[in-house]
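One line per chain: the protein sequences are A and B, in this order.
The first sequence lines up with residues 1 to 226 when you count with this note's numbering.
The second sequence lines up with residues 227 to 585 when you count with this note's numbering.
We put the beta carbon where it would ideally sit given N, CA and C, even for glycine.
Notes to accompany the following structure.
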Amino acid sequence: MEWQALYLSLRLSFWTTLILLAIGLPAAHWLTFSRRRWKFLVEAVVALPLVLPPTVLGFYILLAIGPHSPVGRLYAALTGGMLPFSFQGLLVASVLYSLPFAVQPFASGFAAVDRKLIEASWCLGISRAATFFRVIVPLSIPSIVTGMILSFAHTLGEFGVVLMVGGNLAGITRTVSISIYDDVQALDYRAAMHTSLLLLGISFLVLAATYGLRRRVWAVWPPYGE
Amino acid sequence: MANELSVDVRKRHAGGPEITAALRLPLGMHSVMVLFGPSGAGKTTVLRLIAGLDTPDSGSIRCGDEVWYDGARATSRINMAPQHRRVGYLSQDYALFPHLTVRGNVAYGAHGWAVDGLLARFGLSELADRHPRQLSGGQLQRVALARALAAHPRLLLLDEPLSALDAPTRLRMRGDLRQLLAGVQMPAIVVTHDRTEALALGDSIAIMIDGKLRQAGAVESVFDCPVDADVAAAVGVETICPARVVWRSAGLVTVEIAHARLVAVDIGDPSTDVFACIRAESVTIERNPSGNPTSARNHLPARIVSVIPEGPLARVTLDCGFRLNAIVTRQSEEEMRLREGELVTAVVKATSIRIVPRG
């Protein structure tokens, strides 16, 4: 079994989830409360990774972060390195690929917060930003946790995008799903089975936890009147 | 600029009626204005416009020397955010933060107020560490009021403050709320569709019907002297009959309803098509005309249509050529043995009939 690949996958999932938390919360807030007419376009863009083949997404990301692209040149000027076939490049791709898995649960959580509570906070003199952190986020904890778990799990299992952007460099970009592919190519079915079983177990646990949360089995704060 | 809240706004929700309201409320002293009217009249919308939670289509809202909203110039419209208006807004179900304790709720927007003092004053010290879901309706209301006051508002806006309570609590809280409002010495606008609440809480009243503010003034004067038939119906006048003026003299007016004639006090309106408004409690029922002269001007032969007991009272519907509602005590009803179909005399003083113009 490829412990190095598993460790890399976990590290990638961890950082992806953390970055998605930072990007996803404001993005979901905007998507929930903005009254712009062209909001639906942004919603569609955020949801694109759900339907796009990973190879297509990976291909465009590869072009976008390549050494001749503006992003690639900027990155090279700042760090002296290159994004494709590096852990950082993988991270950029993972964040984009898992964006809907974070933003959609966050947004549905925010939308479920009683509008009257938000208005009550405004009337008490609390700014919109402070209301977000003092009322909306605390009341959306289950949805935020759901979004984080889904992002983590989705990144753990990604294959196509990683292959396109990161290639297969041991310890740098060879994630656990790619190592399984390698094992099968090398006809090492035993190693592939071990790794697959581990991934299956982790994925099942993560999803069971998510659905448990959805059913409010672990509701952090039961609603009024219960 | 006068130290008052002055509101003059228009607002149309998609698919709804246009709501217009113009009202004034003195600031810096305790006075409760009741915004009264049937459900769907636009009362809550007016409150939300004042709080800044909705934006008017046009008009202006001023509070003392501050301009909260001015839609006069389309290019440089002024619309102050609710955060800066300093109004204590209580929505119908109080909207307490479920994830915070009572203390957390009261301290949420606190400005230079000792939260503990406020908790003690509202009898909430014992409950400080509980969550809203563990409180009764009356307690929730006190927390909501304390939370609003902690933010140091200059004006309180209460939307149906008693409607979320069960009937016995509502009765008790009506008196408590009046005392609490008087205790904090703050101007307040209270929305209600309940007449007894309006009478119990208000110093002044503004009647809203179908999105329009129809009459405003001291509570007694509006209840006693409605300006038109809609307002009369809204404030609960039981008998409102179309009538025709047949005679005017010496401050009195004689009107004809069907074949019956009534004498009423002339309010000086020249119309001949009018409504006669008569409250049920000002109709007296007599069994046998005594023949003795009485001060009441109107004695109408009537047939009893129905007698419906209502607790200690009985509501009697009479047919005098038109339907006239009377209310008597159960005791008189039993002593007089009022039964359906019997003939009696309805007695109404001229001063108890309010004539309002029709159309």
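It is roughly 28 Å from the alpha-carbon of D296 of chain B to the alpha-carbon of F132 of chain A. Using a Cβ-Cβ cut-off of 8 Å, A120 of chain A counts as an interface residue toward chain B, since at least one Cβ of chain B sits closer than that to its own. Looking at the DSSP output, E536 of chain B sits in a beta bridge with B:L539.
Within the segment 126-159 of chain A, I126, S127, V135, P138 and L139 place their CB atoms closer than 7 Å to a CB of chain B, listed in sequence order.
Scanning B:V573, B:R404, B:V233 and B:P468 for the CA closest to the CA of L251 of chain B turns up B:V233. In the three-state reduction of the DSSP assignment, Y315 of chain B falls in the strand class. Secondary structure of R73 of chain A (DSSP, three-state): helix. By the criterion of at least three beta-carbon pairs nearer than 8 Å, the segment 438-447 of chain B is in contact with the segment 242-261 of chain B.
In chain order, V573 and K575 place their CB closer than 6 Å to the CB of A522 of chain B, counting only its own chain and leaving out the 5 sequence neighbours on each side. Beyond the five residues adjoining it in sequence on each side, R356 of chain B comes within less than 6 Å, by CB distance, of V328 in the same chain, given in chain order. Any Cβ of chain A closer than 8 Å to the Cβ of F323 of chain B would place that residue at the interface, and such an atom is present. Taking C-beta separations shorter than 6 Å and ignoring five residues to either side along the sequence, the partners of D385 of chain B in its chain run T270, L273, S317, Q318 and V417, following chain order.
Taking every protein chain shown into account, the CB of Y75 of chain A has 16 or more other CB atoms within 10 angstroms, so this residue is buried. Close to K39 of chain A, with beta-carbon spacing below 8 Å, lies no residue of chain B; the smallest spacing is near 18 Å. If you look at P583 of chain B, you'll find it in the beta strand (DSSP E) that goes I579 to P583. Listed along chain A is no residue with a C-beta nearer than 7 Å to that of R398 of chain B; the closest approach is about 21 Å.
The criterion of a C-beta distance shorter than 8 Å is satisfied by I493 of chain B and I581 of chain B.
Taking the C-beta atoms as reference points, V448 of chain B is found no nearer than 8 Å to V463 of chain B. For F501 of chain B, the enclosing beta strand (DSSP E) starts and ends at D499 to I504.
For the options B:R549, B:V445, B:S257 and B:A377, the alpha carbon positioned closest to that of Y315 of chain B is the one of B:A377.
Contacts with chain B (Cβ-Cβ distance below 8 Å) from the segment 12-38 of chain A involve no residue at all. Per DSSP, the unbroken beta strand (DSSP E) holding A486 of chain B starts and ends at A486 to V491.
For the segment 325-341 of chain B, the beta-carbon criterion of a distance under 8 Å to any beta-carbon of chain A is satisfied by H325, Y334, G335 and H337. Every candidate beta strand (DSSP E) stretch fails here, since none sits fully inside the segment 80-166 of chain A while reaching 3 residues.
Taking the Cα positions, L544 of chain B is about 11 Å away from L564 of chain B. Non-local beta-carbon contacts of C467 of chain B in its own chain, meaning distances under 6 Å to residues more than five positions away in sequence, involve I483, A502 and F548 in chain order. Residue range V176 to Q185 is occupied by the alpha helix (DSSP H) that includes S179 of chain A. Between L344 of chain B and R373 of chain B, the alpha-carbon positions lie close to 9 Å from each other. Here the segment 136-145 of chain A makes contact with the segment 99-116 of chain A; the two share three or more CB pairs at distances below 8 Å. The beta-carbon separation of P100 of chain A and L50 of chain A, rounded to 5 Å, stays under the 8 Å limit for a contact.
Pairwise C-beta distances place the segment 196-212 of chain A out of contact with the segment 86-98 of chain A, as fewer than three of them are shorter than 8 Å. Per the Cβ contact rule, the segment 404-424 of chain B is in contact with the segment 254-266 of chain B (3 or more Cβ pairs under 8 Å). Per DSSP, reduced to three states, the secondary structure at G330 of chain B is helical.
Cβ atoms of S203 of chain A and T16 of chain A stay farther apart than 8 Å, at about 16 Å. If the five residues before and after D499 of chain B are omitted, its C-beta is found closer than 6 Å to the C-beta atoms of R584, all from its own chain and listed in chain order. Residue-level contact check: Y315 of chain B touches chain A, since one or more beta carbons of chain A fall below 8 Å from its beta carbon.
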